[in-house]
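So that you can map any letter, position 87 of the sequence shown is 88 in the working numbering, and since no number is skipped, the others follow by simple counting.
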Amino acid sequence: MVKALFIKRDRGRYSITEAGLAELEGGCETLAAWHGPKGTSETPDLPQAGATVLAAVPNSTPIEVAEDAARAHTRALEVELLELVRSIDPTSFERLVLELLQAMGYGESGNIEHSGRSGDGGIDGVISLDPLGLDRVCVQAKRYADGNNVGRPELQGFAGALRGLGADRGVFITTSAYTREAREWAAISGARIALVDGRQLAGLLVHHDVGVQTATTLVLKKVDHDCFDAL
2 MVKALFIKRD RGRYSITEAG LAELEGGCET LAAWHGPKGT SETPDLPQAG
52 ATVLAAVPNS TPIEVAEDAA RAHTRALEVE LLELVRSIDP TSFERLVLEL
102 LQAMGYGESG NIEHSGRSGD GGIDGVISLD PLGLDRVCVQ AKRYADGNNV
152 GRPELQGFAG ALRGLGADRG VFITTSAYTR EAREWAAISG ARIALVDGRQ
202 LAGLLVHHDV GVQTATTLVL KKVDHDCFDA L
């Protein structure tokens, strides 16, 4: 899409160009004939930051092209966002995670405690789901580089910290991923720990509007046949 000059990128924001608008109005014939770089057969699972990859389906409608472009933009945004999150300091990352969980509906601002500090036993935040604090969710946030995956010992340590606080639920969030052993242990251990990896984290941030803002809104209209039928 970028090579076709239908979408332009400026400081992390994407917008449709005049050529792109003309393509939509003309039925997307150029896009329908374009199948991406020679030798490629599918879109990669995770594009590079700043890249927008879109392979048009023949006979696509303008609405379908716009939807595909929006999905491609979102995927590129998630990659860029994850790289940025990995660059902030650990304390800021913990605050970001708690802000996300609040946006997802876990507790209110007064019921979320940022407890990350030396000797915290692996607990970076505590969310009280009831006024008396009897129902709590504990949070651990690990800002790890890509490839530095969370292993089983870290999950076991977190489970032990939960027991020490008398909590039975936890959320473990990392900017990397989890080893197979870690996921297997979480599945069979009986510990109620939700695992969120870097890719999921980026998707949640975008979906709940944390760390992002709306760049533009494109409205596509269609004929209202009911209006004409009622005349």
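All residues carry an ideal CB built from backbone N, CA and C; glycine is no exception. Treat the numbers as computed from the prediction; the structure is a model and nothing was measured.
Backbone CA spacing between residue i and residue j [nearest angstrom]
| i | j | result |
| --- | --- | --- |
| Arg170 | Gly126 | 12 Å |
| Ile174 | Leu196 | 6 Å |
| Pro45 | Ala67 | Confidence is the limiting factor: at Pro45 the pLDDT is only 44, short of 50, which leaves the residue's position unreliable, though a coordinate-based value still follows. Those two C-alpha atoms are separated by around 20 Å. |
| Leu163 | Tyr145 | 22 Å |
| Leu232 | Lys223 | 18 Å |
| Phe94 | Asp225 | 48 Å |
| Ala178 | Glu65 | 33 Å |
| Ala70 | Arg96 | 32 Å |
| Val220 | Ile89 | 35 Å |
| Thr217 | Pro154 | 44 Å |
| Leu156 | Pro132 | 28 Å |
| His74 | Ile189 | 37 Å |
| Asp198 | Gly106 | 19 Å |
| Gly167 | Gly191 | 15 Å |
| Gln214 | Ser61 | 29 Å |
| Val98 | Asp230 | 52 Å |
| Gly165 | Ala187 | 18 Å |
| Ala104 | Gly152 | 28 Å |
| Arg72 | Gly148 | 26 Å |
7 Å Cβ shell around residue i - same chain, five flanking residues per side excluded
| i | result |
| --- | --- |
| Glu79 | Ala203, Gly204, Val207 |
| Asn112 | Ile128, Ser129 |
| Gly123 | Gln141, Gly158, Phe159, Ala162 |
| Asn150 | Ser177, Ala178, Tyr179, Thr180 |
| Arg87 | Arg144, Ala146, Thr176 |
| Ser116 | Ile124, Asp125, Gly126, Val127 |
| Pro91 | Arg144 |
DSSP state of residue i mapped onto helix, strand, coil
| i | result |
| --- | --- |
| Ile189 | helix |
| Arg144 | coil |
| His36 | Residue placement at His36 is poorly supported in this model, since its pLDDT is 46, which falls under 50; the coordinates still yield a value, given next. Of the three classes helix, strand and coil, the one that applies to His36 here is coil, per DSSP. |
| Leu206 | helix |
| Glu183 | One detail in the question is off: residue 183 reads as Ala in this sequence, not Glu. In the structure shown, Ala183 sits in a helix (DSSP, three-state: H, G or I). |
Host beta strand (DSSP E) of residue i (start-end)
| i | result |
| --- | --- |
| Ser129 | 126-129 |
| Val172 | 170-175 |
Residue interval of the alpha helix (DSSP H) (run including residue i)
| i | result |
| --- | --- |
| Ile64 | 63-88 |
| Ala231 | Run containing Ala231: none; DSSP gives neither H nor E here. |
| Ala162 | 153-166 |
| Pro91 | 91-104 |
Residues near residue i in its chain [Cβ-Cβ closer than 8 Å; skip 5 each side]
| i | result |
| --- | --- |
| Gly108 | Leu102, Ile128, Ser129, Leu130, Val138 |
| Glu100 | Val211 |
| Asp227 | none |
| Arg193 | Asp169, Arg170, Gly171 |
| Gln201 | none |
Same chain, Cβ closer than 6 Å to residue i, five either side skipped, listed in chain order
| i | result |
| --- | --- |
| Leu135 | none |
| Glu114 | Val127 |
Checklist entry - Hey, is the stretch 174-190 in contact with the stretch 210-219, meaning 3+ C-beta pairs nearer than 8 Å? => result no
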